[in-house]
Amino acid sequence: MTSDDTTLDASAPWLEVDALIDDPRTRIVVCCGSGGVGKTTTAAALGVRAAERGRKVVVLTIDPARRLAQSMGISELDNVPRRVKGVDESAGGELHAMMLDMKRTFDEIVEGHADAERARAILENPFYQSLSAGFAGTQEYMAMEKLGQLRAGDAWDLIVVDTPPSRSALDFLDAPKRLGSFLDGKFIRVLMAPAKVGGRAGMKFLNVGMSMMTGTLSKLMGGQLLRDVQTFVAAMDTMFGGFRTRADATYRLLQAPGTAFLVVAAPERDALREAAYFVERLAAEQMPLAGLVLNRVHGSGAAQLSAERALAAAEALTEDLADPAPQDAEEAPQGPDDDPNSPSGEAGSPLAENLGPDGIVDLADGKTGSRTPGGPSPAAAEHAVSPSAPAAQLAAGLLRLHAERMQVLARERRTRDRFTALHPEVPVAEVAALPGDVHDLAGLRAIGDRLTLRPAATDD
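Residue numbers for the sequence shown follow the working numbering, beginning at 320 and rising by one.
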């Protein structure tokens, strides 16, 4: 096997994507990984392929760039699943897509677990509005909530989740627990105490028990914000236990056999390092890992030409251009037609009858550019064999570009091999890079096709 070969080693297990999405026991596929590695495109491509193979699919994206809506031909995605048109439904499947509306999902939780008066008080509370719109971890928590709602509804055979574009791929697992702990934690319980006592006595209790804390909070938050927090806590009193309960239930759902995690990465050092860390974390949390999708892998149609040989050929061409063949020391004596002052090309000259539309004819004496009635003279044919300077320069440039491409291929393979050496049990699927961006269903189908391509056989 050559150093430039980029196909998977025979020892690396192949990720059978079609078998995964065709299995009726697979109910949830979670695409996770660091930012910018193609999670959204992978999730959408899986959804299209599964639907066209007979599954009833919903794709949940948390990507604010809305690329999923564009690629599926939908003008806009929102918190309600929308049916995707243009999908081949002849096998009995269908495709829906939605984009998480973090605040709307939070509002639905409040409306579903509180009476109308209390729900209105919560929804109008300034602290709640800030919390639901952008509190750290809220997006990930609400993604888990929405996943739980979709699964409980049992309206789809398969749910494909595109995880949030977080600083760390681990945030999807950690944030729900953090937010659930915050909403059900001791700090909230302490803030709830004065509201339960009520009136001035309650504030006195708070000031006695938390004099240092309230002083600090008043400086940092302001008195009005502190009162908003206390009002929010009082209104949410009956709901706090439910946040942690639902977070724990969804967490157990992610551990269930019907869930499959796909770690998506690019063939780059940082992306695969984080992918390896995520694989280890999933194992520690006992969550089912289906495999690694290695996205945007480069290839070459001339892999048999190594980078070294291409560079050597380019250098040889460059040297030939810099050192042209020496001219003969003796030049043939000039004839009348070699004299720039000769009137041979003028009308009425002795050679005027030898001029034709394609050059001089009836002159087979070896002069460059002359022609005989049967074609170029022997000397002209000899000069035509040697490449011109522009052609040689172009060839040298193309050879250098090929060498750079082969070096990229070799680097990607070394990076991938480091991952497979650390995690030889993880199945891998490689997706060849497309020449352009994916912006429609045809592009998603192309990604789906590449996801399922078996690695080419290689020679050792």
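Using N, Cα and C, we set each Cβ at its ideal position, and we do this for glycine too.
Check the Cα spacing between Ala416 and each of Leu608, Ala553, Ala440 and Lys465: the tightest is with Lys465. Contact between Val378 and Gly366 holds: their C-beta atoms lie close to 4 angstroms from each other, under 8 angstroms.
Straight-line spacing of the CA atoms in Met461 and Val750 works out to 30 angstroms.
Under DSSP, Thr380 shares a beta bridge with Met418 and Asp481. Within the same chain, Cβ atoms closer than 6 angstroms to the Cβ of Ala452 are found at Lys422, the five residues on either side in sequence being excluded.
When the five nearest sequence neighbours on each side are left out, the beta carbons in the same chain lying within less than 7 angstroms of the beta carbon of Asp639 are those of Ala711, in order along the chain. With a beta-carbon spacing of about 7 angstroms, Lys404 and Gly392 fall inside the 8 angstroms limit used to define contacts.
Fewer than three pairs of CB atoms, one per stretch, sit closer than 8 angstroms, so the stretch 583-591 makes no contact with the stretch 333-344. If you draw a straight line from the Cα of Glu443 to the Cα of Leu572, it is about 32 angstroms long.
With a cutoff of 8 angstroms on beta-carbon distance, Ala369 and Met418 are scored as not near each other. In this structure, Val376 places its C-beta atom within 8 angstroms of the C-beta atom of Asp476. Thr569 places its beta carbon 8 angstroms or farther from that of Asp481. Note: Phe580 is bridge-paired with Val349 and Leu608 in the DSSP secondary-structure output.
The C-beta of Arg773 has fewer than 16 other C-beta atoms within 10 Å across all chains shown, which makes the residue exposed. Beta bridge pairing from DSSP links Arg402 with His415. When secondary structure is reduced to three states using DSSP, Glu749 falls in the strand class. Going by beta carbons, Leu613 and Val598 fall outside the 8 angstroms limit. Here Val479 is not near Leu611, since their CB atoms are 8 angstroms or more apart. In the structure shown, Arg600 falls within a helical segment according to DSSP collapsed to helix, strand and coil.
In the pairwise beta carbon analysis, the stretch 761-770 is classified as not touching the stretch 730-747: fewer than three pairs are separated by under 8 angstroms. When His742, Met606, Asp768 and Pro743 are compared, the shortest CA-CA separation from Leu753 is found for Asp768. Nearest to Ser390 by alpha-carbon distance, out of Arg374, Glu371 and Thr359, is Thr359. A straight line joining the alpha-carbon of Arg628 with that of Val727 spans about 15 angstroms. Spanning the alpha carbons of Arg563 and Gly373 requires a straight line of approximately 36 angstroms.
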